[in-house]
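The structure under discussion appears below in the form of structure tokens.
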Amino acid sequence: RFLLPAPVHASASEGVPSLRGAPEGLAGLVFGGLGDVVLFSPALRWLAHCWPNTEITLIAESRSLGIAPLLEGSHRIQSIEVQGKPRPVVFWELWTLLRTGGFDAVVSCGSSPFIPLLLKLSEIPRRAGYQTGKISQWALTHPAQLKTGTYAGTMYLALAEAITARPAEAGWEKPVFRPARLAEISS
């Protein structure tokens, strides 16, 4: 008999999580290298600004996580190995991580049609990703327009604006480094 992991939401003890108010746990899923993590950080910062009591977990490829502790916006960091693995294996590992991570919300910057499907199958109640077609229309609760010709920080910030339903103020698209962490490294 094959058992699948049951979804675990941060507010599971209270039944089905509400889509109103701030989520208790949020996953920020970013694929790519160091630059992608740096440019995704304004979205995490905006989420932390709008929902200060939400536990935000950055999930990124291990090759790009060296910079993550220096950036503002996330409380926890989780790595995922993507390169060199078959896509079904990566899909399964991400699905399992999202289902069992205690998240009430997820924001993902991937534009593949598999990303909205992954988010939907995770059963996380709030799901933000890019509007890329019919699957994303069905799977995402908070779709954002994918504007590939714009600055990536602005493009990623649109995901946070979609899920919070609050437009970011000017200047939020720029990454901000944690001064205390930079001081530790430079000394």
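Going from the sequence shown to my numbering is simple: count from 1 and add 566. Quick reminder that beta carbons are idealized off the backbone N, C-alpha and C, glycines included.
Selection from the options that minimises the alpha carbon distance to residue i
| i | options | result |
| --- | --- | --- |
| ALA724 | ALA705, GLY695, LEU684, ILE643 | GLY695 |
| GLN703 | TRP661, SER607, PHE669, PHE680 | PHE680 |
| ILE646 | GLN711, ALA718, ALA614, GLY594 | GLY594 |
| THR720 | ARG586, GLY598, ALA588, VAL604 | VAL604 |
| PRO741 | THR698, PRO733, LEU600 | LEU600 |
| GLU735 | HIS615, LEU592, ARG586 | HIS615 |
| HIS641 | ALA718, ARG586, TRP617 | TRP617 |
| PHE743 | GLN697, LEU706, GLU638, VAL648 | GLU638 |
| LYS686 | ARG665, ILE701, ALA705 | ALA705 |
| LEU684 | LEU664, LEU592, ALA718 | LEU664 |
| LEU592 | SER678, THR714, LYS651, ASP670 | ASP670 |
| PRO682 | THR707, THR666, GLY668, GLY667 | THR707 |
| GLY701 | LYS713, SER678, LEU660 | What sits at residue 701 in the sequence shown is Ile, not Gly. Taking only the C-alpha atoms, the option nearest ILE701 is SER678. |
Buried versus exposed, by CB contacts within 10 Å (16 or more), residue i
| i | result |
| --- | --- |
| GLU590 | buried |
| ALA731 | exposed |
| SER630 | buried |
| GLY737 | exposed |
| GLY587 | exposed |
| SER688 | buried |
| GLY667 | buried |
Nearest-angstrom beta carbon gap, residue j and residue i [assumed within contact, 8 Å]
| i | j | result |
| --- | --- | --- |
| GLN644 | THR662 | Contact doesn't hold; Cβ gap of about 12 Å is too wide. |
| THR620 | LEU613 | 7 Å |
| TYR722 | PHE606 | 5 Å |
| GLU727 | PRO733 | 5 Å |
| GLN697 | ALA718 | The Cβ separation is near 17 Å, so there is no contact. |
Would the segment 649–657 count as touching the segment 667–674 if we require 3 or more Cβ pairs under 8 Å? Cβ pair count under 8 Å is below three, so no.
Of all the alpha helix (DSSP H) runs that stay within the bounds of the segment 627–686, which reach a length of 4 or more residues? List check, alpha helix (DSSP H) in window: 653–666.
Are there three or more Cβ pairs, one per stretch, closer than 8 Å when the segment 686–695 is compared with the segment 630–641? The segment 686–695 makes no contact with the segment 630–641: fewer than 3 CB pairs, one atom from each, lie closer than 8 Å.
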